[in-house]
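One structure below.
Chains as they are written, first to last, in this note's numbering: chain A, 755 to 1059; chain B, 755 to 1059.
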């Protein structure tokens, strides 16, 4: 089955202590769509300016990403620029130019409204809700968010949550949203705010998944070198939602969600190995399956005799 | 097989935001010995003063902990007092009175020197080496350490490491010791300093285990409420080393070490549920096996079809 991905499409300028690249493909929907495309056909929804490279449309099509929901309008594409500290753990936003994104108010083409799986990648929760309003009873809705929306548009976010099957956020956002320092209590509180499932991303410490009766914990893939953390969370969400859609003929149960979290982690681990989307552009399904198996080997221990 | 445990034995006064308890059994060897005793007979080595409660000797004997290596000398038992911050994540040492521990220089009774498994619980590395000097070719040596020794007696610690099969430390200590912010690189660097295996404790984020050819990552047991974090690391080390000794008829391989890390985590998760050693005093093997199984359930995901 297909997955509809809506979010930001940007041209990023990113600086790390060792490299700097300007005007590279970025934005939450860009990473999420490519991450998802390894597992399922993607319907991409977003907005770009008239300066947006045509080659990226060709790239999307080559990856089975349908860009019919991407509006190309007069003006400049959303631009973001950031710089990472020496240990790549913190980053500073140097500039944001919303440009055509400022007036983005997605109207979904009729043929996209029946898509069964929806990933609301990181954008304002009011936009996420607006997209959901146009969908016809999707089977499974995944929503990603960030600290900015928790701080500035909390009411919109609260209104969205009961409409979401799986909420994804990182550990500091989970703590911020619940006011609880314990991630275990925070994960459970977040479920009481509406979503059936909650995934908490912990970066180098892996991820947690909370469900009505189940709990899942996994580590991160052991990377020695990270080149560009940008988009790791978006790629995680994309890989996860794409995997669900790809396997989505039956019920989405906790066993499927566990595997989806691992595939999301696998995709994110590849993404940070190079700048922008470069690693995802060359990634193969064989490499993904190999790393999934590595994940299994590094996590397994035996049943008690 | 038995495990020899050497470390500190103390009477602790611990304050959390909700409770305070004075002169409770504490110290690295106390937690480690009781943790280990669920899996193997323990030979305890340490020193106490003449004020040390006789009831604790009776408790040790009831748990198959042989206290013949515990010297009771004139003077007061080592005392430590600390207070935890509101979120229990940081603590401040309020007072330390080494008392009889100040001149502790363990001389092992002859019958303890043949013990095949050794846990050098957290004490000065020179004391840990001095204990190893007296052992007759033990099969497996586990050493725990802390930031204090990394900062103040680094040379002694460096001299100990090549004599150790498994080094245990927490994530900030691993970073401090290697000067590397990446825990993956830090774990691998630590192995190059001597120990065959390195376990990195990450508190609520679980643990990592590094070996010559293998890597293992596990989460922490999802606890909603922690009452007293004191001794969690010592109990982890004790449970781990005790499990190895209990199963130690064959080779200590990576599969056994994975399970030992889980049992260490299980023991530590129980320990923080109550003050001092109170939870361990009432703990049963059935409860341990149940939680091991919970760990397995929360960590597992399927092989790819």
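All residues carry an ideal CB built from backbone N, CA and C; glycine is no exception.
Open item on the list: Do residue 1029 of chain A and residue 768 of chain A count as a contact pair if the criterion is CB distance below 8 angstroms?
Closed with: To locate residue 768 of chain A, count along the first chain from 1; it is residue 14. To locate residue 1029 of chain A, count along the first chain from 1; it is residue 275. Yes, Cβ-Cβ distance for residue 768 of chain A and residue 1029 of chain A is below 8 angstroms.
TODO: Report yes or no: is there a C-beta of chain A within less than 8 angstroms of the C-beta of residue 978 of chain B?
DONE: What you label residue 978 of chain B is simply residue 224 of the second chain in a count that begins at 1. Yes - at least one Cβ of chain A is within 8 angstroms of the one on residue 978 of chain B.
Task: is_contact[residue 960 of chain B, chain A] using C-beta, thresh 8 angstroms - done: The count along the second chain starts at 1 and reaches residue 960 of chain B at position 206. Residue 960 of chain B counts as touching chain A.
TODO: From the DSSP output, in three-state form, read off residue 822 of chain A for me.
DONE: Against the first chain, residue 822 of chain A aligns to sequence position 68. In the structure shown, residue 822 of chain A sits in a strand (DSSP, three-state: E or B).
Task: Residues bridged to residue 969 of chain A [DSSP beta-bridge criterion] - done: On the first chain, position 215 is the one that residue 969 of chain A refers to. According to DSSP, which records beta bridges pairwise, residue 969 of chain A is partnered with A/964.
Open item on the list: One question on the structure: do residue 1018 of chain A and residue 991 of chain A come within less than 8 angstroms of each other, judged by their Cβ atoms?
Closed with: Translated into positions along the first chain, residue 1018 of chain A becomes position 264. Translated into positions along the first chain, residue 991 of chain A becomes position 237. The answer is yes: Cβ separation under 8 angstroms.
Task: Bridge-paired residues (DSSP) for residue 800 of chain B - done: Start at 1 with the first residue of the second chain, and residue 800 of chain B comes out as number 46. B/824.
Open item on the list: Against residue 935 of chain A, what residues of chain B qualify as contacts under a CB-to-CB distance less than 9 angstroms, listed in chain order?
Closed with: Here residue 935 of chain A corresponds to residue number 181 of the first chain, with the count starting at 1. Within 9 angstroms Cβ-Cβ: 840, 841, 842 and 843.
- [ ] For residue 822 of chain B, I'd like the list of residues in its chain whose CB is within less than 6 angstroms of its CB, leaving aside the five on either flank, ordered along the chain.
- [x] Within the second chain, numbered from 1, the residue matching residue 822 of chain B stands at position 68. So the qualifying residues of the chain are 863.
TODO: Could you tell me which residues DSSP puts in a beta bridge with residue 953 of chain A?
DONE: Along the first chain, one-based indexing puts residue 953 of chain A at 199. Partner(s): A/922 and A/963.
Open item on the list: Between residue 790 of chain A and residue 796 of chain A, how many whole angstroms is the CB-CB distance? I'm expecting something under 8 angstroms.
Closed with: Working through the first chain from its first residue, we reach residue 790 of chain A at position 36. Working through the first chain from its first residue, we reach residue 796 of chain A at position 42. Yes, they are in contact, since the Cβ atoms of residue 790 of chain A and residue 796 of chain A sit about 5 angstroms apart, within 8 angstroms.
Open item on the list: To the nearest angstrom, how far is the alpha carbon of residue 899 of chain A from that of residue 1027 of chain B?
Closed with: By one-based count along the first chain, residue 899 of chain A stands at place 145. By one-based count along the second chain, residue 1027 of chain B stands at place 273. So the two alpha carbons sit approximately 33 angstroms from each other.
Open item on the list: For chain B, check one thing: does any of its Cβ atoms lie closer than 8 angstroms to the Cβ of residue 794 of chain A?
Closed with: Position 40 of the first chain, counted from the first residue, corresponds to residue 794 of chain A. Answer no: the Cβ-Cβ gap between residue 794 of chain A and chain B never drops below 8 angstroms.
- [ ] Examine chain A for any beta-carbon lying closer than 8 angstroms to the beta-carbon of residue 761 of chain B, and answer yes or no.
- [x] For the purposes of this step, residue 761 of chain B is taken as the residue at position 7 of the second chain. Chain A, which has no Cβ nearer than 8 angstroms to the Cβ of residue 761 of chain B, makes this no.
Task: Close Cβ partners of residue 1041 of chain A (< 8 angstroms) along its chain, the five nearest in sequence each way excluded - done: Walking along the first chain from the start, residue 1041 of chain A turns up at place 287. Cβ neighbours of residue 1041 of chain A beyond the five flanking positions: 1024.
TODO: Let me know the secondary structure DSSP gives residue 882 of chain B once reduced to three states.
DONE: Numbered from 1 along the second chain, position 128 holds the residue referred to as residue 882 of chain B. Residue 882 of chain B: helix per DSSP, three-state reduction.
Open item on the list: Please report whether the beta-carbon of residue 752 of chain B lies at a distance below 8 angstroms from any beta-carbon of chain A.
Closed with: This structure cannot settle anything about residue 752 of chain B, because the visible part of chain B is limited to 755 through 1059.
Open item on the list: Please tell me whether residue 806 of chain B and residue 825 of chain B are closer than 8 angstroms, where the distance is taken between their beta carbons.
Closed with: Translated into the one-based positions of the second chain, residue 806 of chain B becomes position 52. Translated into the one-based positions of the second chain, residue 825 of chain B becomes position 71. Result no, Cβ atoms of residue 806 of chain B and residue 825 of chain B do not sit closer than 8 angstroms.
TODO: Could you check the C-alpha separation between residue 830 of chain B and residue 782 of chain B for me, to the nearest Å?
DONE: Position 76 of the second chain holds residue 830 of chain B. Position 28 of the second chain holds residue 782 of chain B. Taking the straight line from one Cα to the other gives about 18 angstroms.
- [ ] Note down the Cα distance separating residue 834 of chain B from residue 851 of chain B, rounded to an integer number of angstroms.
- [x] To locate residue 834 of chain B, count along the second chain from 1; it is residue 80. To locate residue 851 of chain B, count along the second chain from 1; it is residue 97. Rounded to the nearest angstrom, the two C-alpha atoms are 6 angstroms apart.
Task: Same chain, Cβ closer than 8 angstroms to residue 1015 of chain B, five either side skipped, listed in chain order - done: Stepping through the second chain from its first residue, residue 1015 of chain B is reached at position 261. Cβ within range, chain order: 953, 961, 963, 970, 972 and 994.
TODO: Work out the CA separation of residue 755 of chain B and residue 1020 of chain B for me, nearest whole Å.
DONE: Within the second chain, numbered from 1, the residue matching residue 1020 of chain B stands at position 266. Within the second chain, numbered from 1, the residue matching residue 755 of chain B stands at position 1. Residue 1020 of chain B and residue 755 of chain B: Cα-Cα distance of roughly 21 angstroms.
- [ ] Would you identify the three-state DSSP class for residue 788 of chain A, choosing helix, strand or coil?
- [x] Reading the first chain from its first residue, position 34 is the one you call residue 788 of chain A. Three-state DSSP puts residue 788 of chain A in a helix.
Open item on the list: Helix, strand or coil for residue 937 of chain A? Go by DSSP, reduced to three states.
Closed with: Counted from its first residue, the first chain places residue 937 of chain A at position 183. Three-state result, residue 937 of chain A: helix.
Open item on the list: Using only the alpha-carbon positions, how far apart do residue 895 of chain B and residue 901 of chain A sit?
Closed with: To locate residue 895 of chain B, count along the second chain from 1; it is residue 141. To locate residue 901 of chain A, count along the first chain from 1; it is residue 147. Cα-Cα distance, rounded: 46 angstroms.
TODO: Kindly list, in the order they appear in chain B, the residues whose Cβ is closer than 7 angstroms to that of residue 837 of chain A.
DONE: On the first chain, position 83 is the one that residue 837 of chain A refers to. Within 7 angstroms Cβ-Cβ: nothing; residue 837 of chain A doesn't reach chain B, min ~17 angstroms.
Task: chain A within 8 angstroms of residue 973 of chain B, Cβ atoms only - done: On the second chain, residue 973 of chain B is found 219 positions in, with the first residue counted as 1. It does: the Cβ of residue 973 of chain B has a partner Cβ on chain A nearer than 8 angstroms.
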